[in-house]
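Novice: One structure, pasted below without further comment.
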Amino acid sequence: MIINNIQIDDTFAEAFNMRATRVILTAQNLKWAYHAANAMTGFATSVIGCGVEAGIEDELSETETPDGRPGVSVLLFAMGSKVLMQQLETRMGQCVLTCPTAAAFAGINSEDQINLGKNLRFFGDGFQTSKLITDKRYWRVPVMDGEFLCEETTGMVRAIGGGNFLILATSQSSALAAAEVAIEAMKKIPNVIMPFPGGVVRSGSKVGSKYKTMFASTNDAFCPTLKGVTNSELSAEIESVMEIVIDGLCFDDIASAMRVGITTICQLGESSGVKRISAGNYGGKLGPHHFKLQEIMQAGGA
Amino acid sequence: MSTLTFRLKKDLAHSINCAALTPENLAGKSIPDIASLMLSNGRSELRVDAVFEISGQPITHGLQTIHFKDSSCKLDYLGAHITSGSLDITGDVGAYLGFNLNGGTIHCHGNSSAFAACNMVKGLLMIDGNTGEFLGGGSAGQRKGMRGGTVLVKGNAGDRAGDQMRRGLILIEGNAGDYCGSRMIAGTIGVMGNVGMYAGFNMKHGTLLLLKKPAVHATMQDCGMHTLPFLSLLYQSFSKLDSQFSRLHSQRVQRWVGDAACNGNGEILLISA
Numbered sequence: 001m002i003i004n005n006i007q008i009d010d011t012f013a014e015a016f017n018m019r020a021t022r023v024i025l026t027a028q029n030l031k032w033a034y035h036a037a038n039a040m041t042g043f044a045t046s047v048i049g050c051g052v053e054a055g056i057e058d059e060l061s062e063t064e065t066p067d068g069r070p071g072v073s074v075l076l077f078a079m080g081s082k083v084l085m086q087q088l089e090t091r092m093g094q095c096v097l098t099c100p101t102a103a104a105f106a107g108i109n110s111e112d113q114i115n116l117g118k119n120l121r122f123f124g125d126g127f128q129t130s131k132l133i134t135d136k137r138y139w140r141v142p143v144m145d146g147e148f149l150c151e152e153t154t155g156m157v158r159a160i161g162g163g164n165f166l167i168l169a170t171s172q173s174s175a176l177a178a179a180e181v182a183i184e185a186m187k188k189i190p191n192v193i194m195p196f197p198g199g200v201v202r203s204g205s206k207v208g209s210k211y212k213t214m215f216a217s218t219n220d221a222f223c224p225t226l227k228g229v230t231n232s233e234l235s236a237e238i239e240s241v242m243e244i245v246i247d248g249l250c251f252d253d254i255a256s257a258m259r260v261g262i263t264t265i266c267q268l269g270e271s272s273g274v275k276r277i278s279a280g281n282y283g284g285k286l287g288p289h290h291f292k293l294q295e296i297m298q299a300g301g302a
Numbered sequence: 303m304s305t306l307t308f309r310l311k312k313d314l315a316h317s318i319n320c321a322a323l324t325p326e327n328l329a330g331k332s333i334p335d336i337a338s339l340m341l342s343n344g345r346s347e348l349r350v351d352a353v354f355e356i357s358g359q360p361i362t363h364g365l366q367t368i369h370f371k372d373s374s375c376k377l378d379y380l381g382a383h384i385t386s387g388s389l390d391i392t393g394d395v396g397a398y399l400g401f402n403l404n405g406g407t408i409h410c411h412g413n414s415s416a417f418a419a420c421n422m423v424k425g426l427l428m429i430d431g432n433t434g435e436f437l438g439g440g441s442a443g444q445r446k447g448m449r450g451g452t453v454l455v456k457g458n459a460g461d462r463a464g465d466q467m468r469r470g471l472i473l474i475e476g477n478a479g480d481y482c483g484s485r486m487i488a489g490t491i492g493v494m495g496n497v498g499m500y501a502g503f504n505m506k507h508g509t510l511l512l513l514k515k516p517a518v519h520a521t522m523q524d525c526g527m528h529t530l531p532f533l534s535l536l537y538q539s540f541s542k543l544d545s546q547f548s549r550l551h552s553q554r555v556q557r558w559v560g561d562a563a564c565n566g567n568g569e570i571l572l573i574s575a
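Chains E and G, in that order, are what the protein sequence lines are. Following our numbering, the numbering of the first sequence begins with 1 at its first residue and continues without gaps. Following our numbering, the numbering of the second sequence begins with 303 at its first residue and continues without gaps.
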């Protein structure tokens, strides 16, 4: 498939089942809501080393938050419920409880509930109080700036992580510029996050390594400097590859984000330096969800 | 189709227990069946049709509404134990209105006697007039009062409103008597008018939300002026009520904590304009 002189490879992105939650963080103003959210989603690019993949999903106005203050919604994804619970509690305690004026609320409904402020309340040393308001329990923890307000639990849902596509371009700057444009468009899609720095990964990985201690290593097939020495996927003119990884609450959310991202890049045309769009997979044997690039683009009318 | 209506047809010398007259209890019963039900009247019993003129259509399920007209303070236990449906009462009612209320809605357009919302668990109880002592309290032998739901009183409440209240919301647009929120375990009581002496006496947890400065007793400790964000959530929960409380918006409050006499961590919040 070729869209606007950019080739869409006949391949697929391979994604995995994950557990996810959404938290709404509010504060006195957006500046401090972002401080809380940036801290909470820091060091959360990949489950390989961070435990969770997390990111800011959306910015919320005063009318969209439970307490009528500006805020942001944050999505967190983990490979299992236990890790997700541990990471959520740790990040809430160190990043949100500590952030001036910040408050935290459940952002997703589910029968499965995980602790948000349930254990953080003990920081109140007996001075904490709860309020049950319209069937939701909130904790008020006295802190030095006033009170930290936090809902007791939030929902946990089944989700998908690892949707992706690769941008193959004639230069590093071209690949990155295209990735930036795609990320800006994809940020508008609800229920997804792109957890890597700026939403973009330059170090895509393959499973395994020549070193016994490593279970993931550089994706040499897409490394432009190894074109001559490895079983490369890259043609002669490709000098740089950037990857965008997407975690989402369901298959369609990720597919929509991929479609929007790829469409935006294709609209840039051949002059952008982008030659091909591909995707990362492990032969289809590891992840149950396959995002076939050409099918996704055809579904969007390409 | 007219709704099932009970119109009190005579002045009663003694209180009668009306706990049997609930939507769930009457669902599926014909008018003659309802008329033959017996209501306890002290040591004797009275047929329903000896007390009430019954009109309207029988109800088919427990979610429907029953009307009481021309009721008096001799009618005790109206709306007791109901978990669904609603009661609409024109006139005064006796004690224990909404006793053990566990869902549904009761709207009393008159005054009620003591122990309204006693042992209440869930639902909505609205009293347009005044109510007596121990609003939302516990019945004899109980160590907890109201455990959930919402009570809205447009008039005044007697002494000991919310005594031993464990959970839920009581809103009083008028005045509250002495010992408001006494022995309160948790929950929220809002009072727009004056409260009597010893507000929050022996309270353990919970919130007394006041608009007029109370005569705070010595064991409630002044913690100063604060802006409390949780109040915005509380006010939002008031917004669906037909009440002056739905107009509250100020999160600025003076806070007293206590009752220190029982090592309590309850609070009196005086809303600042």
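Ideal Cβ placement from N, Cα and C applies to all residues, glycine included.
For Gly526(G), I'd like the list of residues in its chain whose CB is within less than 8 angstroms of its CB, leaving aside the five on either flank, ordered along the chain.
Specialist: Gln556 and Arg557
Novice: If the cut is a Cβ gap below 7 angstroms, which residues of chain G does Gly68(E) touch?
Specialist: Ser534
Novice: Taking the runs of the beta strand (DSSP E) that are 3 residues or longer, which of them lie wholly in the region 112-159 of chain E?
Specialist: 113-115, 129-133, 136-143, 146-151 and 153-155
Novice: What did DSSP end up calling Arg549(G) once you bin it into helix, strand or coil?
Specialist: Helix, per DSSP.
Novice: For Ser73(E), which of helix, strand or coil comes out of DSSP?
Specialist: strand
Novice: Can you pull the chain G residues whose beta carbon is under 8 angstroms from the beta carbon of Lys131(E), in chain order?
Specialist: Counting only Cβ-Cβ distances below 8 angstroms, Lys131(E) has contacts in chain G at Thr490, Thr509, Phe532, Leu535 and Leu536, in chain order.
Novice: Quick check: the region 130-143 of chain E against the region 209-227 of chain E, are there 3 or more CB pairs under 8 angstroms?
Specialist: Result no; under three Cβ-Cβ pairs closer than 8 angstroms.
Novice: What's the C-alpha gap between Phe401(G) and Gly476(G)?
Specialist: 22 angstroms
Novice: What is the C-beta distance between Glu303(E) and Arg140(E), in whole angstroms, given that I count them as a contact (C-beta under 8 angstroms)?
Specialist: Since the displayed chain E opens at 1 and closes at 302, residue 303(E) lies outside it and no answer follows.
Novice: Please work out which residues of its chain come closer than 6 angstroms, Cβ to Cβ, to Met467(G), disregarding the five sequence neighbours upstream and downstream, and give them in chain order.
Specialist: Closer than 6 angstroms at the Cβ level, and outside the excluded window around Met467(G), lie Gly438, Gly447, Met448, Met486 and Gly489.
Novice: Could you spell out where the beta strand (DSSP E) holding Cys50(E) opens and where it closes?
Specialist: In the DSSP assignment, Cys50(E) falls outside any beta strand (DSSP E) and lies within the alpha helix (DSSP H) extending over Val47 to Cys50.
Novice: For Thr90(E), report the span of its alpha helix (DSSP H) as first-last.
Specialist: Where Thr90(E) is concerned, the enclosing alpha helix (DSSP H) starts and stops at Ser81 to Arg91.
Novice: Are any of the Cβ atoms in chain E nearer than 9 angstroms to that of Thr407(G)?
Specialist: no
Novice: Any idea if Asp313(G) is buried or exposed, counting beta-carbon neighbours within 10 angstroms, 16 or more meaning buried?
Specialist: exposed
Novice: Residues of chain G with a CB under 7 angstroms from the CB of Arg140(E): which are they?
Specialist: Listed along chain G, the residues sitting closer than 7 angstroms to Arg140(E) by beta-carbon distance are Phe532.
Novice: Can you determine whether any heavy atom of the ligand GDP sits closer than 8 angstroms to the C-beta of Ala419(G), and answer yes or no?
Specialist: This structure lacks the ligand GDP, and indeed carries no ligand of any kind.
Novice: Taking the alpha carbon of Val157(E) as the point to measure from, which residue in Ser174(E), Gly283(E), Arg22(E) and Ala179(E) has its own alpha carbon closest?
Specialist: Arg22(E)
Novice: From Gly330(G), Ser415(G) and Gly483(G), pick the residue whose C-alpha is nearest to that of Ser373(G); which is it?
Specialist: Ser415(G)
Novice: Run down chain E in chain order and give the residues with a C-beta less than 8 angstroms from the C-beta of Asn567(G).
Specialist: Gly126, Phe127 and Thr129
Novice: Check Phe417(G) in the structure and name its three-state DSSP category.
Specialist: coil
Novice: Tell me whether Arg259(E) sits in a helix, a strand or coil according to DSSP, three-state version.
Specialist: Arg259(E) falls in the helix class under three-state DSSP.
Novice: What residues in its chain sit with their C-beta under 6 angstroms from that of Lys292(E), if we drop five residues either side in the sequence?
Specialist: The answer, listed in chain order, is Phe12.
Novice: Determine the burial state of Val143(E): buried for a count of at least 16 other Cβ atoms within 10 Å of its Cβ, exposed for fewer.
Specialist: Burial call: exposed.
Novice: Pairs of beta-carbons, one from the region 353-363 of chain G and one from the region 407-422 of chain G, closer than 8 angstroms: are there three or more?
Specialist: Contact between the region 353-363 of chain G and the region 407-422 of chain G is absent, because fewer than three Cβ pairs lie under 8 angstroms.
Novice: Do Gly425(G) and Pro325(G) count as a contact pair if the criterion is CB distance below 9 angstroms?
Specialist: Not closer than 9 angstroms, so no.
Novice: Could you give the uninterrupted runs of the alpha helix (DSSP H) lying entirely in the region 321-348 of chain G, keeping only those of 4 residues or more?
Specialist: 325-328 and 333-337
Novice: In the DSSP output, what is Thr307(G) paired with across the bridge?
Specialist: Beta-bridge pairing links Thr307(G) to Ser357(G) and His369(G).
Novice: Determine the burial state of Ile48(E): buried for a count of at least 16 other Cβ atoms within 10 Å of its Cβ, exposed for fewer.
Specialist: By the 10 Å Cβ count, Ile48(E) comes out exposed.
Novice: How would you call Thr41(E), buried or exposed, if buried means at least 16 neighbouring beta carbons within 10 angstroms?
Specialist: buried
Novice: Against chain E, with Cβ distances strictly below 9 angstroms, would Arg469(G) count as a contact?
Specialist: yes
Novice: Pick out the complete alpha helix (DSSP H) segments inside the region 483-562 of chain G, 4 residues or longer, and give them in chain order.
Specialist: 532-540
Novice: Taking the straight line between their C-alpha atoms, what separation do you get for Phe196(E) and Ala20(E)?
Specialist: Counting only the Cα atoms, Ala20(E) lies some 17 angstroms from Phe196(E).
Novice: When DSSP builds the beta bridges, which residues end up paired with Leu454(G)?
Specialist: For Leu454(G), DSSP records a beta bridge to Met428(G) and Leu473(G).
Novice: Between the C-alpha atoms of Gly300(E) and Arg259(E), what's the straight-line distance to the nearest angstrom?
Specialist: Straight-line spacing of the CA atoms in Gly300(E) and Arg259(E) works out to 7 angstroms.
Novice: Is the region 182-199 of chain E close to the region 280-298 of chain E, with three or more CB pairs under 8 angstroms?
Specialist: no
Novice: Between the Cα of Leu306(G) and those of Ala575(G), Arg349(G) and Ile361(G), spot the shortest distance and give me the residue it belongs to.
Specialist: Ile361(G)
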